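**Q** Before I ask anything, here is the structure I am working with.
Number of protein chains: 2
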Amino acid sequence: MSPKITTELLKQLRQVMKNPRYVQEPVQAYIVPSGDAHQSEYIAPCDCRRAFISGFDGSAGTAIITEQHAAMWTDGRYFLQAAHQMDSNWTLMKMGLKDTPTQEDWLVSVLPEGSKVGVDPFIIPADQWKRMSKALRSAGHDLVPVKENLINTIWTDCPQRPCKPLITLDLSYTGVSWRDKIVALRSKMAERKVMWFVVTALDEVAWLFNLRGSDVEYNPVFFAYAVIGMNTIRLFIDGDRMMDPAVRDHLQLDSTLEPEFKIQVMPYGSILSELQAVGAGLSPKEKVWLSDKASYALTEAIPKAYRYLTPYTPICIAKAVKNAAETEGMRRAHIKDAVALCELFNWLEKEVPKGTVTEIVAADKAEEFRSQQKDFVELSFATISSTGPNGAIIHYKPVPETNRTLSVNEIYLLDSGAQYKDGTTDVTRTMHFGTPSAYEKECFTYVLKGHIAVSAAIFPNGTKGHLLDSFARSALWDCGLDYLHGTGHGVGSFLNVHEGPCGISYKTFADEPLEAGMIVSDEPGYYEDGSFGIRIENVVLVIPAETKYNFKNRGSLTFEPLTLVPIQTKMIDVNLLTEKECNWVNEYHQKCREVVGAELERQGRHEALRWLLRETEPLARVQ
Amino acid sequence: MSPKITTELLKQLRQVMKNPRYVQEPVQAYIVPSGDAHQSEYIAPCDCRRAFISGFDGSAGTAIITEQHAAMWTDGRYFLQAAHQMDSNWTLMKMGLKDTPTQEDWLVSVLPEGSKVGVDPFIIPADQWKRMSKALRSAGHDLVPVKENLINTIWTDCPQRPCKPLITLDLSYTGVSWRDKIVALRSKMAERKVMWFVVTALDEVAWLFNLRGSDVEYNPVFFAYAVIGMNTIRLFIDGDRMMDPAVRDHLQLDSTLEPEFKIQVMPYGSILSELQAVGAGLSPKEKVWLSDKASYALTEAIPKAYRYLTPYTPICIAKAVKNAAETEGMRRAHIKDAVALCELFNWLEKEVPKGTVTEIVAADKAEEFRSQQKDFVELSFATISSTGPNGAIIHYKPVPETNRTLSVNEIYLLDSGAQYKDGTTDVTRTMHFGTPSAYEKECFTYVLKGHIAVSAAIFPNGTKGHLLDSFARSALWDCGLDYLHGTGHGVGSFLNVHEGPCGISYKTFADEPLEAGMIVSDEPGYYEDGSFGIRIENVVLVIPAETKYNFKNRGSLTFEPLTLVPIQTKMIDVNLLTEKECNWVNEYHQKCREVVGAELERQGRHEALRWLLRETEPLARVQ
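Same order as they appear, the protein sequences are chains S and C.
In terms of UniProt numbering, the first sequence is residues 1 to 623.
In terms of UniProt numbering, the second sequence is residues 1 to 623.
Structure, rendered in structure tokens:
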């Protein structure tokens, strides 16, 4: 891929940074964060402002443009991709490396005295605003909200904000009605003595009302806010989506309801003024609950004394703990997903030696097989279909310029997933269609050992996921190897493939404790720039563990893999596995055989079934 | 031990809380933190205010007294001890348990509206003040500094602040002169563009000037502050200690020196007014560097805009990385310490069956053997000599009321250490002088597996210690067991046995990365209330590790045990060890034999040598 040429765009941006039509006073720096007004990770095309200005379109990154400089902060997953996509106007700031300055420190080092740093107050989360504003102020600069988004002023062909039809989910999928979710939320509000709760994250709005949308690719969400009072429900949403009889019926918009369950539908754009009105009408001690990641603009709408900010909202926490209906749905979705991948890998095994399968062809084929499954909606993220050196680009997405042909000489890494109406999947398998080298097998086996160490870990109730991260790295560390990303993220139930508040990463400390019913990914990896990438990822469910003893009656937890796709035994150096690890692989493969085998049989996919049986032969350890 | 009766004291305290002689306005609550004006963990008798008012004398705990309540917050190490030492006036707040309120939340729940909460501004660290003040203010209360310490007003027989002679350490012990330390500090100050650095922690003053004292039991420190400017050095210290010719010579007080190395000696009590004078004389951009744990009183002496606060000071970080002279000193100290313990355990093995050895006798005997070693100064903490159920009291100290007799039927846990002029030791061994039960051996072996998992861990340069904590727990977790304390702490070099900024604990996230030369303890445990305690502790040195590969050229680290005392093989269930763990034990014991054996031989301690040889016979694993 060739970098985006941004010289002209940066020139234009630097002009509007001084243009009194847009800024009260000139700003010497302008921050372009990744997110949208809902602090989403995946965003609609109209919100891809950072990609527009820089060319770098990874899922995480913050651009800062000053009069002299343009710099991009991103993390280890994207170092290579960002370097490829940005032209020489840009400096790449590699987060997580020792010598990389923070955005604040860098700004202080490059700005002239008494500078103004602008940012769109709807895009920057309140907690980031606070941190950055404080750091800048202490160095004599000012962070200022710029009402009109300056990227939008130069983005002449900016696409429209999407407004697609909604999907209603009944109890068989959600397990709990939206009314009961509102009741539970109000009881949490009463516990904390707050009168209002502002729902700003798109997946939280979708989860709360048991609705799904398709405004954002891969994430079944729709643009909306909600404000829940103890006796009122306000839903801020645009378009004619509320005219759909199924939606009206689902939300009981035309029924005679107790007033506290009557949903008032309001225009999406009116959230700020409505929230300001709420803020102005508060009596002493009436608090308003917001995520501390809500936008600065909405947070400021509530006078400071009335704000109740928490890192995780009660919806975020409730959503993370899947109920029986959701768990069963996730199980079904993962079985269907495994069927599709067995078909794919069987097909690849036959086709790759012919030299006609490119990364894009393979990704498309994966989507084709998935789309044949019941209740398939769309992919859950852009398929990472990468072979050879492309595998080392952790969040690689094949495009024509980089598209490599799969061969029997290179490792192939496929990280893919789908949205089904009953669940969300996310699975990575690393395969070799020829004969892997001893070194490739060695590295693969260390990654597998790490994967198993997490998946089979037993830990006390109340343990935070970050305490498990080192388990995934231990085998790699022993040989001087490592990987520069976290080990796991929360996974939604027919919702975002990345969700809080739990995960498995050395980078966070503020994650919520794991509890039974939570679903996370387990995905250690190993990457060699310029040669190959290895990752083994399952989605796993937190379940109670039976243990010999039970210290302080705390109880223990462990994981059950929901993903049931064979791990290529050809890539395993069995002699590096312990007996316990070897048994884990064999038991996992036995379960794949039984559960996915039965579904392949039912669907009459006999060739894929034969592939599955062949790929799940037990490993034999040499003693 | 029977609890301290505090009814009368609490009544007196509640009176002075309203007495206009001491408080401008009545305070409805008074906080009594653990520390002294230097935020020390170990404190002088005159600073044991929390123990005086409550009876609880563990090393960590905060008391809060309101008009109606008296509550004590402490952590898992002290739940049992605090419960034993406090009378029914007190409520024990078990930190770390889910339902325990924070001090702030509890205050808000019990205080009448608009209350004032008092605290001694010299005792409360600035970061705690800030957090608590904010929480109270948002609930309509006020945290107020009370100049006169209210405990002192009712503590009629409060002991005098100690003022003992100083010890000077030459280059053979410290490796770096105090002048060179000042030069290095000033270069760190220049890097951060600060003009002044305030040394508030006692061990930092001692380390900086290569002096030691004995004002605080177990910690070779002395009451002093220092204020280092780019061209000035001020040392705040009382008594005639500066009249000692050795000290005068060491500090070159009577030499003609470049002015920037001339030490101005000032009275200890003048620190606040001197610092206020510094604060008043600052030009714009002249910053003053303080630890964010410095007292609120000293922090407030510097106007906010001029403060530069960090969680760890440059002295704290430099002090943690031991140089060659310090490392060699620590090695020597640990060999001498092992000699003493070999003597002790050999003696115990003979004496325990007679039924005459109590916990106190054993502790005294340990001190006796240690005091026979060269350069012995004192113990490094109160010896934890505990048998049977007393072993489950994690920071137990035997007193006549609780003193149990060692027997062949109970586990004995000895956690002890000493200050030698060349180094500080801290070692825990858990022994059985009869025949341990299968269950005791099982638990011991899990703890041993955790100890080895940390000690043998290989991890990348730049890894923080908290990422290793779970390794110590994994074997226990597998069986549903755990322990409620961290796994390791930094250890000083003839300094405090607990020091920052590194450690191995699930509780902290702000530790500094481990680097070669740092020294920490590795001490997992397992405790059953009412029956026994197990802990295996070595002090270990961070050293570079040789690895097969070297990802991103980061380099790897591992640990080398400095403690060389046999781990009782009788307590090990060999069948629960992996081959690798078994080899670790055998190699460790081989090193004990060689290194400590040679020293026992040299000292002519032949019986203890025979004991060592017997106790370090290799384990044989049944295949």
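Beta carbons are placed, not taken as given, at the ideal position from N, Cα and C, and that holds for glycine.
Just so it is clear, the structure is predicted and the values come from calculations on it, not from any experiment.
Could you check where the alpha helix (DSSP H) with ILE263 of chain S kicks off and where it finishes?
**A** Numbered from 1 along the first sequence, position 263 holds the residue referred to as residue 263 of chain S. Counting along the chain, ILE263 of chain S falls outside any alpha helix (DSSP H), though it belongs to the beta strand (DSSP E) covering 263-266.
**Q** For PHE52 of chain S, I'd like the list of residues in its chain whose CB is within less than 7 Å of its CB, leaving aside the five on either flank, ordered along the chain.
**A** As a working mapping, residue 52 of chain S is identified with position 52 in the first sequence. Closer than 7 Å at Cβ, skipping near neighbours: ILE151, TRP155.
**Q** In chain order, what residues of the stretch 416-450 of chain S put their CB closer than 7 Å to some CB of chain C?
**A** Listed by position along the chain: nothing, the set is empty.
**Q** Between which two residues does the alpha helix (DSSP H) harbouring THR174 of chain S extend?
**A** Position 174 of the first sequence, counting from 1, holds the residue named residue 174 of chain S. Looking at the DSSP string, the run of the alpha helix (DSSP H) that includes THR174 of chain S is 171-174.
**Q** Can you have a look at PRO566 of chain S and say buried or exposed, based on whether 16 or more other CB atoms are within 10 angstroms of its CB?
**A** The residue given as residue 566 of chain S occupies position 566 in the first sequence. Answer is buried; the Cβ neighbour count reaches 16.
**Q** Does any residue of chain S have a CB that is nearer than 7 Å to the CB of SER556 of chain C?
**A** The sequence position of residue 556 of chain C within the second sequence is 556, counting from 1. Taking Cβ atoms only, chain S reaches closer than 7 Å to SER556 of chain C, which makes this a yes.
**Q** Taking C-beta pairs closer than 7 Å, name the residues in chain C that SER350 of chain S reaches, listed in chain order.
**A** Numbered from its first residue, the first sequence carries residue 350 of chain S at position 350. Correcting the residue type first, residue 350 of chain S is Lys in the shown sequence and not Ser. In chain order: nothing, as chain C lies at least about 35 Å away.
**Q** Quick check on DSSP: helix, strand or coil for ALA29 of chain S?
**A** Taking the first sequence and counting its residues from 1, one reaches residue 29 of chain S at position 29. Strand, per DSSP.
**Q** Would you mind telling me which residues of chain C sit closer than 8 Å to GLY462 of chain S, beta carbon to beta carbon, in chain order?
**A** To locate residue 462 of chain S, count along the first sequence from 1; it is residue 462. Simply LYS98.
**Q** Leaving out five residues on either side along the sequence, give the residues of the same chain with a beta carbon under 6 Å from the beta carbon of VAL227 of chain C.
**A** As a first step, residue 227 of chain C must be located in the second sequence, where it is residue number 227. These residues qualify, in order along the chain: VAL198, ARG234.
**Q** For the beta strand (DSSP E) containing LYS287 of chain S, name the first residue and the last one.
**A** Here residue 287 of chain S is taken as the residue at index 287 of the first sequence, counted from 1. That run of the beta strand (DSSP E) goes 287-291.
**Q** Within the same chain, show all residues whose beta-carbon is closer than 6 Å to that of ILE572 of chain C, passing over the 5 residues directly before and after it, in chain order.
**A** On the second sequence, position 572 is the one that residue 572 of chain C refers to. Cβ within range, chain order: THR445.
**Q** Thinking just about the alpha-carbon of each residue, which of C:THR578, C:LEU577, C:HIS489 is nearest to the one in ASP542 of chain C?
**A** Taking the second sequence and counting its residues from 1, one reaches residue 542 of chain C at position 542. The question names Asp, but residue 542 of chain C is Val in the sequence shown. For the residues C:THR578, C:LEU577, C:HIS489, the minimum Cα distance to VAL542 of chain C belongs to C:HIS489.
**Q** Applying the criterion that 16 or more other CB atoms from any shown protein chain within 10 Å of the CB defines a buried residue, is ALA453 of chain S buried or exposed?
**A** Taking the first sequence and counting its residues from 1, one reaches residue 453 of chain S at position 453. When all chains shown are included, ALA453 of chain S counts as buried.
**Q** From S:ALA297, S:SER255, S:GLU499, pick the residue whose C-alpha is nearest to that of VAL221 of chain S; which is it?
**A** Indexing the first sequence from 1 puts residue 221 of chain S at position 221. When each option's Cα is compared against that of VAL221 of chain S, the closest is S:GLU499.
**Q** Can you list, in chain order, the residues of its chain whose CB lies under 6 Å from that of GLU104 of chain C, leaving out five sequence neighbours each side?
**A** In the second sequence, counting from the first residue as 1, residue 104 of chain C sits at position 104. Closer than 6 Å at the Cβ level, and outside the excluded window around GLU104 of chain C, lie MET132, ALA135.
**Q** Could you round the C-beta distance between SER505 of chain S and HIS466 of chain S to whole angstroms and report it? I think they count as a contact, below 8 Å.
**A** Walking along the first sequence from the start, residue 505 of chain S turns up at place 505. Walking along the first sequence from the start, residue 466 of chain S turns up at place 466. Contact flag correct, Cβ pair sits at about 6 Å.
**Q** Residues of chain S with a CB under 8 Å from the CB of residue 630 of chain C: which are they?
**A** Residue 630 of chain C is absent from the model: chain C starts at 1 and stops at 623.
**Q** Can you list the beta strand (DSSP E) stretches of 3 or more residues lying completely in the stretch 462-520 of chain C, in chain order?
**A** List check, beta strand (DSSP E) in window: 488-490, 499-504.
**Q** Let me know the secondary structure DSSP gives TRP178 of chain C once reduced to three states.
**A** Here residue 178 of chain C refers to the residue found at position 178 when the second sequence is read from its first residue. Here TRP178 of chain C sits in helix by DSSP.
**Q** Quick one: which chain C residues come within Cβ less than 9 Å of LEU600 of chain S?
**A** If you number the first sequence from 1, residue 600 of chain S lands on position 600. Ordered by position in chain C, no residue passes the 9 Å Cβ test against LEU600 of chain S, which lies about 35 Å from the chain.
**Q** Assuming PRO121 of chain S is part of the alpha helix (DSSP H), what are its boundary residues?
**A** The residue labelled residue 121 of chain S in the question sits at position 121 within the first sequence. Here PRO121 of chain S belongs to no alpha helix (DSSP H), and DSSP marks it neither H nor E.
**Q** Work out the CA separation of LEU169 of chain C and LEU495 of chain C for me, nearest whole Å.
**A** Mapped onto the second sequence, residue 495 of chain C falls at position 495. Mapped onto the second sequence, residue 169 of chain C falls at position 169. The straight-line gap from Cα to Cα measures roughly 12 Å.
**Q** Please state whether the Cβ-Cβ distance between GLY388 of chain S and ARG404 of chain S is less than 7 Å.
**A** Position 388 of the first sequence, counting from 1, holds the residue named residue 388 of chain S. Position 404 of the first sequence, counting from 1, holds the residue named residue 404 of chain S. Closer than 7 Å, so yes.
**Q** Does DSSP put HIS141 of chain C in a helix, in a strand, or in coil?
**A** The residue given as residue 141 of chain C occupies position 141 in the second sequence. Of the three classes helix, strand and coil, the one that applies to HIS141 of chain C here is coil, per DSSP.
**Q** Could you work out which residue in S:PRO112, S:ASP57, S:LYS4 is closest to GLN28 of chain S when comparing CA atoms only?
**A** What you label residue 28 of chain S is simply residue 28 of the first sequence in a count that begins at 1. Nearest C-alpha to GLN28 of chain S: S:PRO112.
**Q** Considering just the uninterrupted stretch of the beta strand (DSSP E) at ALA37 of chain C, what are its terminal residues?
**A** The count along the second sequence starts at 1 and reaches residue 37 of chain C at position 37. Element bounds for ALA37 of chain C: n/a, residue is neither H nor E.
**Q** The beta strand (DSSP E) with TRP73 of chain C in it runs from where to where?
**A** As a working note, residue 73 of chain C is residue 73 in the second sequence. Per DSSP, TRP73 of chain C belongs to the beta strand (DSSP E) from 70-74.
**Q** I need the boundaries of the beta strand (DSSP E) containing GLY533 of chain S, first residue and last residue.
**A** Position 533 of the first sequence holds residue 533 of chain S. Here the beta strand (DSSP E) through GLY533 of chain S covers 532-535.
**Q** Using a Cβ-Cβ cut-off of less than 8 Å, give me the residues of the stretch 491-524 of chain S that come near chain C, in sequence order.
**A** For the stretch 491-524 of chain S, which is checked against every Cβ of chain C, the residues closer than 8 Å are TYR506, PHE509.
**Q** List the residues that DSSP assigns as beta-bridge partners of MET93 of chain S.
**A** For this step, residue 93 of chain S is matched to residue 93 along the first sequence. According to DSSP, MET93 of chain S bridges with S:TRP73.
**Q** Just the C-alpha distance for LEU97 of chain C and VAL427 of chain C, rounded to the nearest angstrom, thanks.
**A** Counted from its first residue, the second sequence places residue 97 of chain C at position 97. Counted from its first residue, the second sequence places residue 427 of chain C at position 427. Their backbone Cα atoms lie some 28 Å apart in a straight line.
**Q** Return the chain-ordered list of same chain residues with a C-beta closer than 6 Å to the C-beta of VAL357 of chain S, the five sequence neighbours on each side being excluded.
**A** For this step, residue 357 of chain S is matched to residue 357 along the first sequence. Closer than 6 Å at Cβ, skipping near neighbours: GLU351, LEU406.
**Q** Would you list the residues sitting across from GLY423 of chain C in a DSSP beta bridge?
**A** By 1-based counting over the second sequence, the position of residue 423 of chain C is 423. Bridge partners of GLY423 of chain C: C:TYR420.
**Q** My guess is that ARG593 of chain S and LEU612 of chain S are in contact by the Cβ rule of under 8 Å, so how many angstroms apart are they, rounded?
**A** What you label residue 593 of chain S is simply residue 593 of the first sequence in a count that begins at 1. What you label residue 612 of chain S is simply residue 612 of the first sequence in a count that begins at 1. Right, their Cβ atoms sit about 6 Å apart.
**Q** Restricting to runs no shorter than 4 residues, where is the alpha helix (DSSP H) found entirely within the stretch 316-396 of chain C?
**A** List check, alpha helix (DSSP H) in window: 324-351, 359-371.
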